[in-house]
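*Asks:*
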Amino acid sequence: MKYVCLMRGINVSGQRKVNMKTLCTQLAELGMDNVSYYLQSGNLLFDTLLTSSEIKATITQLLGDAYDYQDVDLFLFTFDALQAIYDEMPTFDSDQDESKSHFTFLNDTPDTTLTEQMDDQAFLPDQYRICGTMVYVYCPNGYGRTKIHTNFFERKLKVRATTRNHKTVATLLDKLRS
Numbered sequence: 000m001k002y003v004c005l006m007r008g009i010n011v012s013g014q015r016k017v018n019m020k021t022l023c024t025q026l027a028e029l030g031m032d033n034v035s036y037y038l039q040s041g042n043l044l045f046d047t048l049l050t051s052s053e054i055k056a057t058i059t060q061l062l063g064d065a066y067d068y069q070d071v072d073l074f075l076f077t078f079d080a081l082q083a084i085y086d087e088m089p090t091f092d093s094d095q096d097e098s099k100s101h102f103t104f105l106n107d108t109p110d111t112t113l114t115e116q117m118d119d120q121a122f123l124p125d126q127y128r129i130c131g132t133m134v135y136v137y138c139p140n141g142y143g144r145t146k147i148h149t150n151f152f153e154r155k156l157k158v159r160a161t162t163r164n165h166k167t168v169a170t171l172l173d174k175l176r177s
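For the sequence shown, counting from 1, position 58 maps to 57 in numbering that gives the first Met the number 0; every step adds exactly one.
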């Protein structure tokens, strides 16, 4: 089965450096097939017959042994799961620019009490919508200027998260399709 694995905090701002090409080779040596990556920021693609928990254990073990990274959050998706997430992106604006849309993946469904305490109108023109383990974010002035970034959602929702822009998710889907 084809998978994409999003690794939180890899090769971001010079932190937690991982040579993605080397990581792909290492995963292939551990039995994963067609291992590739997109960008240097922790986006892996591969085929395997392993279960989700076995995949996470394998990658976690490798990151610990080879790079001494013990706490990298992994977000694992099949093509169908990632396509469903992509298809659920809401329309925040009638002339919405896809390049201003972002997907924040949560490692767990946040507590309803926490989500109800949040004011989704407080950061206009930036907008977000929480849907299960996803936060769909729209920042018409750019993600670099918003206050509703990954750390904001981690702090408010008490979960771990990673964010990818629209182009990255679309490209990952294209790569999984082929």
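All C-beta atoms, glycine included, are put in the ideal place defined by N, C-alpha and C.
#1: By Cβ distance below 8 Å, which residues in the same chain neighbour T59 in space, the five residues on each side in sequence not counted?
#2: Given L156, which residues of its chain have a CB within under 6 Å of its CB, disregarding the five upstream and five downstream residues?
#3: Does the distance from the C-beta atom of D102 to that of T57 stay below 8 Å?
#4: Considering only the alpha carbon of each residue, which of E28, G141, F78 and R7 lies closest to D173?
#5: Measure from the alpha carbon of L5 to the alpha carbon of each residue in T167, S177 and R176, then state which is nearest.
#6: I think L81 touches L22, with their Cβ atoms under 8 Å apart; what is that distance to the nearest whole Å?
#7: Taking only runs of the beta strand (DSSP E) that begin and end inside the region 14-87, which ones reach a length of at least 3 residues, in chain order?
#8: Take M31 and list the residues in its own chain whose beta-carbon comes closer than 6 Å to its own, dropping the five residues that flank it on each side.
#9: Which stretch, first to last residue, makes up the alpha helix (DSSP H) that contains Y149?
#10: Would you report the Cα separation of S177 and L62, rounded to the nearest angstrom?
#11: Whole beta strand (DSSP E) runs in the region 93-142 with 3 or more residues, listed along the chain?
#12: Sorted by chain position, which residues of the same chain lie with C-beta nearer than 6 Å to F76's C-beta, five sequence neighbours on each side aside?
#13: When you compare only the Cα positions, how much space is there between N42 and S35?
#14: For the beta strand (DSSP E) containing T162, name the first residue and the last one.
#15: Please confirm whether C138 and K99 have their CB atoms less than 8 Å apart.
#16: Report buried or exposed for L171, applying the criterion of at least 16 other Cβ atoms within 10 angstroms of its Cβ.
*Replies:* For this structure:
#1: V71 and L73
#2: P109 and L113
#3: It should be noted that the sequence gives Phe, not Asp, for residue 102. In this structure, T57 does not lie closer than 8 Å to F102 by Cβ.
#4: F78
#5: T167
#6: Their Cβ separation, rounded to whole angstroms, is 20 Å, which puts L81 and L22 out of contact at 8 Å.
#7: 32-36, 42-46 and 73-77
#8: F45 and T47
#9: Going by the sequence as given, residue 149 is Thr instead of Tyr. Start and end: T149 to L156.
#10: 27 Å
#11: 100-105, 126-130 and 133-137
#12: V3
#13: 9 Å
#14: A160 to N164
#15: yes
#16: buried
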